[in-house]
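Each residue of the sequence shown is one higher than the one before, starting from 23 at the first, in my numbering. Below is one structure, written out as structure tokens; comments come after it.
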Amino acid sequence: LALDDFRRALKINPSHSIAKSNMRAFNKSIDSAETASLDSLIATAPQLPYGYAERAYQRLQQKNYAGALEDYHQAIKLSPATAEYYLNRGLVYEKLKQTSLAYQDYTKALVLREDFAMAWLNRGNVLLSLRKYTEAIQD
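Shown next as structure tokens:
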């Protein structure tokens, strides 16, 4: 999916202007048909995490944090070894100012994938917000 490519590009270089622009254009093109498509995918294959993860990301972009959290919970339940789901759920927790839960999810993402740079960065930022400066520097 193009959306996955944009996300990967932005994980590698968060200030990549072309990827940001394309991501914005892509997100603007998502309408109720996309939501219906994801709902249909989930209804057809509720045992697969992908539909939940995509809908969660869409909800996160729409600032529907409760819905995003619900979908990431389900995606993680179905695929508990996918580090990206923990990273993204951690982002939702940060948006909800639940930093200790965000920290836990970033840590879990790192247990699953030790070289996950975004999880290291986000966990360090959470530690900074908690004023745990020494730990943040170590991360």
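For each residue, glycine too, the CB sits at the ideal point set by N, CA and C. Predicted model only: the values in this text are computed from it and were never measured.
Pairwise C-alpha distance: residue j and residue i
i, j, result
"T104", "A67", "18 Å"
"E106", "A41", "19 Å"
"L118", "L82", "11 Å"
"A31", "H38", "7 Å"
"S62", "A24", "20 Å"
"I64", "T156", "43 Å"
"I159", "N144", "12 Å"
"Y125", "F28", "25 Å"
"Y87", "S43", "23 Å"
"T57", "F138", "29 Å"
Buried or exposed (CB count within 10 angstroms, at least 16 for buried), residue i
i, result
"E76", "buried"
"Q84", "exposed"
"N35", "exposed"
"V133", "exposed"
"D93", "buried"
"E136", "exposed"
"D26", "exposed"
Unbroken alpha helix (DSSP H) run spanning residue i, endpoints
i, result
"E92", "Y87 to L100"
"K130", "T121 to L134"
"L150", "A139 to S151"
"T156", "Y155 to Q160"
Cutoff 7 Å; reference residue i; Cβ partners in own chain excluding five residues on either side
i, result
"M140", "K33 and L109"
"D161", "W142, R145, G146 and L149"
"K130", "Y108"
Chain-order list of residues whose beta-carbon lies under 6 Å from that of residue i (same chain, five-residue window excluded)
i, result
"L91", "V114"
"L60", "G73, E76 and R77"
Exercise. Is the stretch 98-113 touching the stretch 64-71 in the sense that three or more CB pairs, one from each, lie closer than 8 Å?
Worked result: Yes: the two stretches touch, three or more of their Cβ pairs being nearer than 8 Å.
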